[in-house]
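Heads up: the protein sequence lines correspond to chains A and B, in order. If you read the first sequence in the working numbering, its first letter stands for residue 4, the second for the next number, and so on. If you read the second sequence in the working numbering, its first letter stands for residue 4, the second for the next number, and so on.
2 protein chains.
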Amino acid sequence: MQNFTFHNPVKILFGQGQIRALATEIPPAARILLTYGGGSIRSNGVYDQIQQALKGRVLFEFGGIEPNPTLETLNRAVALARAEGIDFLLAVGGGSVLDGTKFIAAAIPFAGDSWQIVASHAPVTQAIPMGTVLTLPATGSEMNGTAVITRGATREKLYFSSPLVMPRFSILDPETTFSLSERQVGNGVADAFTHVVEQYLTYPVNAPLQDRMAEAILLTLIEEGPKTLAQPEDYDARANLMWCATLALNGLIGAGVPQDWTTHAIGHELTALHGIDHGRTLAIVLPAVLQHQRKRKRAKLLQYAERIWGLRAGDEESRIDGAIEKTRAFFESVGVPTRLADYSVSAETIPVVVERLAGRGPVALGEHQDIDAAAVGRILALSL
Amino acid sequence: MQNFTFHNPVKILFGQGQIRALATEIPPAARILLTYGGGSIRSNGVYDQIQQALKGRVLFEFGGIEPNPTLETLNRAVALARAEGIDFLLAVGGGSVLDGTKFIAAAIPFAGDSWQIVASHAPVTQAIPMGTVLTLPATGSEMNGTAVITRGATREKLYFSSPLVMPRFSILDPETTFSLSERQVGNGVADAFTHVVEQYLTYPVNAPLQDRMAEAILLTLIEEGPKTLAQPEDYDARANLMWCATLALNGLIGAGVPQDWTTHAIGHELTALHGIDHGRTLAIVLPAVLQHQRKRKRAKLLQYAERIWGLRAGDEESRIDGAIEKTRAFFESVGVPTRLADYSVSAETIPVVVERLAGRGPVALGEHQDIDAAAVGRILALSL
Numbered sequence: 004m005q006n007f008t009f010h011n012p013v014k015i016l017f018g019q020g021q022i023r024a025l026a027t028e029i030p031p032a033a034r035i036l037l038t039y040g041g042g043s044i045r046s047n048g049v050y051d052q053i054q055q056a057l058k059g060r061v062l063f064e065f066g067g068i069e070p071n072p073t074l075e076t077l078n079r080a081v082a083l084a085r086a087e088g089i090d091f092l093l094a095v096g097g098g099s100v101l102d103g104t105k106f107i108a109a110a111i112p113f114a115g116d117s118w119q120i121v122a123s124h125a126p127v128t129q130a131i132p133m134g135t136v137l138t139l140p141a142t143g144s145e146m147n148g149t150a151v152i153t154r155g156a157t158r159e160k161l162y163f164s165s166p167l168v169m170p171r172f173s174i175l176d177p178e179t180t181f182s183l184s185e186r187q188v189g190n191g192v193a194d195a196f197t198h199v200v201e202q203y204l205t206y207p208v209n210a211p212l213q214d215r216m217a218e219a220i221l222l223t224l225i226e227e228g229p230k231t232l233a234q235p236e237d238y239d240a241r242a243n244l245m246w247c248a249t250l251a252l253n254g255l256i257g258a259g260v261p262q263d264w265t266t267h268a269i270g271h272e273l274t275a276l277h278g279i280d281h282g283r284t285l286a287i288v289l290p291a292v293l294q295h296q297r298k299r300k301r302a303k304l305l306q307y308a309e310r311i312w313g314l315r316a317g318d319e320e321s322r323i324d325g326a327i328e329k330t331r332a333f334f335e336s337v338g339v340p341t342r343l344a345d346y347s348v349s350a351e352t353i354p355v356v357v358e359r360l361a362g363r364g365p366v367a368l369g370e371h372q373d374i375d376a377a378a379v380g381r382i383l384a385l386s387l
Numbered sequence: 004m005q006n007f008t009f010h011n012p013v014k015i016l017f018g019q020g021q022i023r024a025l026a027t028e029i030p031p032a033a034r035i036l037l038t039y040g041g042g043s044i045r046s047n048g049v050y051d052q053i054q055q056a057l058k059g060r061v062l063f064e065f066g067g068i069e070p071n072p073t074l075e076t077l078n079r080a081v082a083l084a085r086a087e088g089i090d091f092l093l094a095v096g097g098g099s100v101l102d103g104t105k106f107i108a109a110a111i112p113f114a115g116d117s118w119q120i121v122a123s124h125a126p127v128t129q130a131i132p133m134g135t136v137l138t139l140p141a142t143g144s145e146m147n148g149t150a151v152i153t154r155g156a157t158r159e160k161l162y163f164s165s166p167l168v169m170p171r172f173s174i175l176d177p178e179t180t181f182s183l184s185e186r187q188v189g190n191g192v193a194d195a196f197t198h199v200v201e202q203y204l205t206y207p208v209n210a211p212l213q214d215r216m217a218e219a220i221l222l223t224l225i226e227e228g229p230k231t232l233a234q235p236e237d238y239d240a241r242a243n244l245m246w247c248a249t250l251a252l253n254g255l256i257g258a259g260v261p262q263d264w265t266t267h268a269i270g271h272e273l274t275a276l277h278g279i280d281h282g283r284t285l286a287i288v289l290p291a292v293l294q295h296q297r298k299r300k301r302a303k304l305l306q307y308a309e310r311i312w313g314l315r316a317g318d319e320e321s322r323i324d325g326a327i328e329k330t331r332a333f334f335e336s337v338g339v340p341t342r343l344a345d346y347s348v349s350a351e352t353i354p355v356v357v358e359r360l361a362g363r364g365p366v367a368l369g370e371h372q373d374i375d376a377a378a379v380g381r382i383l384a385l386s387l
């Protein structure tokens with residue numbers, strides 16, 4: 004096992020009716036800015052529950068945070084928050100709203116060009132406290148300190164991390180997810196599944212507990228994802244999916260083991276260039292990464308083939324082929340196509356993605372930092 | 004899944020050499036009280052590493068915290084801490100030192116008879132901040148807010164819990180555990196294993212992720228425990244054992260599921276009356292609890308039989324018998340005898356234990372609160 008630090012102070016309030024806890028979780032004198040997305044929280048009852056819980060509080064609103072939240076939109080929220088003396092942010096929605104609000108939290112007290120928080124990882128030395136009400140299980144943003152932000156002007160999609168933007172609390176009520184579309188559910192399953200694989204499928208470091216906990220999440224996603232799509236109001240399936248997505252990226256399964264975030268790095272470019280949903284880009288790239296890296300990841304691929312997909316017969320190469328094929332088939336089974344062609348993207352995008360990545364410095368992705376620009380091109384060719 | 008709150012802000016620093024981090028984790032101006040047990044930290048090099056890391060700091064010492072730490076001993080530490088204006092506690096040792104230090108942390112600012120914190124769960128409204136260096140993986144105290152304290156005068160062993168006594172940080176360096184005796188390792192394995200079973204082996208509530216994570220810890224303990232005994236300086240085995248014991252009782256696997264702490268409740272009486280090591284009392288009581296509750300726990304016992312012990316053949320009763328027998332055999336395999344007779348305790352203790360438990364109020368243990376005083380007697384009879 005590798006050395007690690009694990010520190011996750013986010014308070015999780017999980018289950019039916021937990022939105023009521025906002026009344027006690029947010030300091031009474033706070034000047035609150037409620038941030039949200041396209042307005043689905045008004046139609047699914049979440050907005051009303053929040054208003055009820057926060058009756059009599061000083062409450063401002065900022066709606067319209069888009070999927071892949073942009074600097075341009077978020078800067079407007081920062082201006083509003085500064086003008087109104089906001090001292091608590093309440094993000095209500097999915098990963099985009101939560102990520103965007105983390106940026107707002109860091110940008111409000113930031114002196115200078117706030118894009119530098121993301122573009123050059125300018126140190127975040129303070130942030131406005133925030134809480135969240137999660138309505139879309141997928142990104143894990145509700146229990147970590149990372150956010151992915153897009154600058155619309157240049158189509159750059161980049162991340163920043165700081166413990167200061169970890170939510171003080173996150174409320175996870177599975178009932179708020181009943182009204183999600185099949186597409187949102189499928190994307191969320193693909194996102195969470197990929198998060199786990201990126202922390203699990205590298206090389207063995209004798210960390211059997213982390214391995215088994217990662218496998219626990221994968222097996223549960225495989226079981227509960229299709230169940231959720233078949234029965235959208237199955238509370239337990241929703242709850243299990245939600246808790247899986249949170250634990251997939253709260254630092255626990257990645258503690259003490261190598262990680263490989265290649266799929267996310269390439270996926271972000273596909274979203275930035277082609278507007279493909281984040282979860283879908285991962286389903287496109289991950290099978291290709293596993294295929295391209297099959298020698299480097301051999302031992303773990305065989306473990307994954309056996310423990311997740313039950314592949315024990317046949318020679319090792321065919322088991323690895325089988326595991327990659329099963330992964331692809333799983334994504335397709337939750338309604339997420341896995342080929343660039345399915346999104347009308349052709350091979351012409353390959354040199355563009357490679358050039359964009361290379362333009363930000365030497366490309367050295369993967370658990371061995373040996374996936375260079377040329378390898379990114381080959382991976383994309385495998386995902387056509 | 005049941006509703007839950009999960010909030011664990013303990014910072015874990017895990018791995019070789021992490022004791023050095025004390026220099027940055029403890030505030031520079033702190034007046035520190037170092038608490039420890041019988042002095043093994045002087046022979047195994049831990050004491051020197053701590054002195055090195057805290058060179059130049061204001062550092063007091065309080066040694067001699069015994070296994071099953073007593074109110075009488077801890078009150079002396081409280082007096083010292085008050086006299087010296089201590090504002091940070093550093094507990095170095097196993098669960099007893101950590102639990103004792105949690106009590107000291109709460110008792111220093113407590114007005115009145117500090118035993119009431121434990122005996123009548125008097126509210127803890129403030130506590131001195133503390134950190135830990137764990138040297139014995141077993142109790143999970145390093146990542147939770149619970150402590151078990153004994154009053155020597157009356158042989159009462161009781162617990163209290165408060166988020167205020169959660170350590171600010173815990174340092175887990177597996178190398179500090181190389182010098183543990185086989186008995187300490189075996190006891191620790193039995194303790195951690197039982198913690199998991201007490202949160203897992205109740206009745207199904209459709210929480211497959213919690214189930215699989217609990218199973219992940221059990222399987223890893225079964226694998227790494229004997230490995231550690233065979234090769235005391237196998238770093239990875241030590242590390243895996245240590246991380247298992249921490250995650251066994253940090254609130255994660257118990258979030259959203261029923262729990263059954265019967266084994267601990269009865270075990271504490273056996274320690275208080277007969278001085279049997281804590282881990283050993285659990286190995287005595289747990290198989291008897293499973294046997295006595297086999298109807299109530301039927302579905303989970305069958306799952307445990309299959310997933311942990313690979314028992315898939317035969318009728319259901321024989322698989323349950325097999326799982327209980329395998330549990331007993333596992334404890335014995337790590338050097339922990341599982342019968343009261345092995346500790347020269349006879350049936351005469353049964354009415355004494357029953358009376359002591361009943362003397363504190365109605366006995367209603369287990370996930371259904373239906374284990375009454377008579378049932379405790381029957382459970383003990385099964386463990387003779």
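No residue lacks a Cβ here, since even glycine has one placed at the ideal position from N, Cα and C.
Discussion item. Rounded to whole angstroms, what is the Cα-Cα separation between R322 of chain A and P140 of chain A?
Written reply: Their Cα atoms are separated by approximately 31 Å.
Worksheet entry | Span of the alpha helix (DSSP H), counted from its first residue to its last, around L222 of chain A | From DSSP, the alpha helix (DSSP H) with L222 of chain A extends over P211 to A233.
Fill in: Bridge-paired residues (DSSP) for T149 of chain A
Looking at the DSSP assignment, T149 of chain A forms a beta bridge with A:S164.
Discussion item. Would N6 of chain A pass as an interface residue toward chain B - the criterion being a Cβ-Cβ separation below 8 Å?
Written reply: Judged by the 8 Å Cβ criterion, N6 of chain A is in contact with chain B.
Practice prompt. Would you kindly work out how many angstroms separate the C-alpha atoms of A150 of chain B and R310 of chain A, rounded to a whole number?
Written response: Straight-line Cα distance between these residues: approximately 38 Å.
Worksheet item: How long is the line joining the alpha carbons of G189 of chain B and R331 of chain B, rounded to whole angstroms?
Response: If you take the alpha carbons of G189 of chain B and R331 of chain B, they lie about 13 Å apart.
Worksheet item: Does the Cβ-Cβ distance between I107 of chain B and F113 of chain B come in under 8 Å?
Response: Not in contact: I107 of chain B and F113 of chain B (Cβ atoms no closer than 8 Å).
Worksheet item: Taking buried to mean at least 16 other C-beta atoms within 10 Å of its own C-beta, is S347 of chain A buried or exposed?
Response: When all chains shown are included, S347 of chain A counts as exposed.
Worksheet entry | Near-chain A residues of the region 229-248 of chain B (beta-carbon distance less than 7 Å), N- to C-terminal order | Contacts with chain A (Cβ-Cβ distance below 7 Å) from the region 229-248 of chain B involve D239, A242, N243, W246 and C247, listed in chain order.
Discussion item. For the ligand NAP, I want to know if F163 of chain B counts as a neighbour, meaning its beta carbon is within less than 7 Å of at least one of the ligand's heavy atoms.
Written reply: Among the components modelled here there is no ligand, and therefore nothing to report on the ligand NAP.
Fill in: Cβ contact (3+ pairs, closer than 8 Å) linking the region 206-222 of chain A and the region 296-308 of chain A
Contact holds: three or more Cβ-Cβ distances are below 8 Å.
Worksheet entry | Pick from B:L387, B:R359 and B:Q372 that is closest to A350 of chain B, judged by C-alpha positions | For the options B:L387, B:R359 and B:Q372, the alpha carbon positioned closest to that of A350 of chain B is the one of B:L387.
Worksheet item: Quick one: does R359 of chain B have its CB under 8 Å from some CB of chain A?
Response: Using a Cβ-Cβ cut-off of 8 Å, R359 of chain B does not count as an interface residue toward chain A, since no Cβ of chain A sits closer than that to its own.
Item to complete: Alpha carbon to alpha carbon, how far is T249 of chain B from T180 of chain B? Give it in angstroms, no decimals.
Response: The alpha-carbon separation between T180 of chain B and T249 of chain B amounts to approximately 14 Å.
Worksheet item: Just the Cα atoms here: how many angstroms apart are G18 of chain A and P166 of chain B?
Response: Annotation: G18 of chain A to P166 of chain B spans about 21 Å, alpha carbon to alpha carbon.
Fill in: Other residues of its chain near T284 of chain A: CB distance less than 6 Å, five sequence neighbours each side excluded
The answer, listed in chain order, is G270, L273 and T274.
Worksheet item: Roughly how many angstroms lie between the CA atoms of D239 of chain B and A210 of chain A, to the nearest whole one?
Response: Pairing D239 of chain B with A210 of chain A, the inter-Cα distance amounts to about 8 Å.
Discussion item. Less than 8 Å between the beta carbons of A26 of chain A and F91 of chain A, yes or no?
Written reply: No, Cβ-Cβ distance for A26 of chain A and F91 of chain A is not below 8 Å.
Worksheet item: Looking at the C-beta of I15 of chain A, does it have a partner C-beta in chain B at a distance below 8 Å?
Response: Against chain B, the CB of I15 of chain A has a partner CB under 8 Å away; the residue lies at that interface.
Discussion item. Can you look up T157 of chain B in the DSSP assignment and give me helix, strand or coil?
Written reply: Three-state DSSP puts T157 of chain B in a helix.
Item to complete: Can you pull the chain B residues whose beta carbon is under 9 Å from the beta carbon of E226 of chain A, in chain order?
Response: Taking a Cβ-Cβ threshold of 9 Å, the residues of chain B close to E226 of chain A are P211, in chain order.
Worksheet item: Going by beta carbon distance, what residues of the same chain come within less than 8 Å of S46 of chain B, once the five residues before and after it are set aside?
Response: Once the five neighbours on either side are set aside, the close Cβ partners of S46 of chain B are S182.
Worksheet item: Applying a beta-carbon distance threshold of less than 8 Å, which residues of chain A neighbour F9 of chain B?
Response: Simply K14, I15 and F17.
Practice prompt. Determine, using beta carbons only, whether Q21 of chain A comes closer than 8 Å to chain B.
Written response: At a cut-off of 8 Å, the C-beta of Q21 of chain A has a neighbouring C-beta in chain B.
Practice prompt. Check K14 of chain B in the structure and name its three-state DSSP category.
Written response: Of the three classes helix, strand and coil, the one that applies to K14 of chain B here is strand, per DSSP.
Worksheet item: Are there three or more Cβ pairs, one per stretch, closer than 8 Å when the region 35-46 of chain A is compared with the region 57-70 of chain A?
Response: Enough Cβ pairs lie closer than 8 Å, so yes.
Practice prompt. Compute the Euclidean distance between the alpha carbons of V100 of chain A and V379 of chain B, then round it to the nearest angstrom.
Written response: In this structure, the CA atom of V100 of chain A is about 53 Å from the CA atom of V379 of chain B.
Item to complete: Can you grab the Cα-Cα spacing for the pair W312 of chain A / N253 of chain B, in whole Å?
Response: Each residue's alpha carbon lies about 30 Å from the other.
Discussion item. To the nearest angstrom, how far is the alpha carbon of A109 of chain A from that of S117 of chain A?
Written reply: Using only the alpha carbons, I get a separation of about 8 Å.
Worksheet item: What three-state label does DSSP hand I327 of chain B in the structure shown?
Response: In the displayed model, I327 of chain B falls within a helix according to three-state DSSP.
Worksheet item: Counting only beta-carbon atoms, is L252 of chain B nearer than 8 Å to chain A?
Response: L252 of chain B does not count as touching chain A.
Worksheet item: Name the chain A residues whose beta carbon is nearer than 9 Å to that of R158 of chain B?
Response: None at all; the shortest Cβ gap to chain A is about 37 Å.
Worksheet item: Taking the continuous alpha helix (DSSP H) assigned at M245 of chain B, which residues delimit it?
Response: It spans Y238 to L250 - the alpha helix (DSSP H) in which M245 of chain B sits, taken as one unbroken run.
Discussion item. Any beta carbon from chain A within less than 8 Å of L62 of chain B's own beta carbon?
Written reply: Closer than 8 Å: no.
Discussion item. Can you tell me whether I89 of chain A is helix, strand or coil according to DSSP?
Written reply: Coil.
Fill in: DSSP bridge partner residues for I374 of chain A (one or two, in chain order)
Beta-bridge pairing links I374 of chain A to A:L368.
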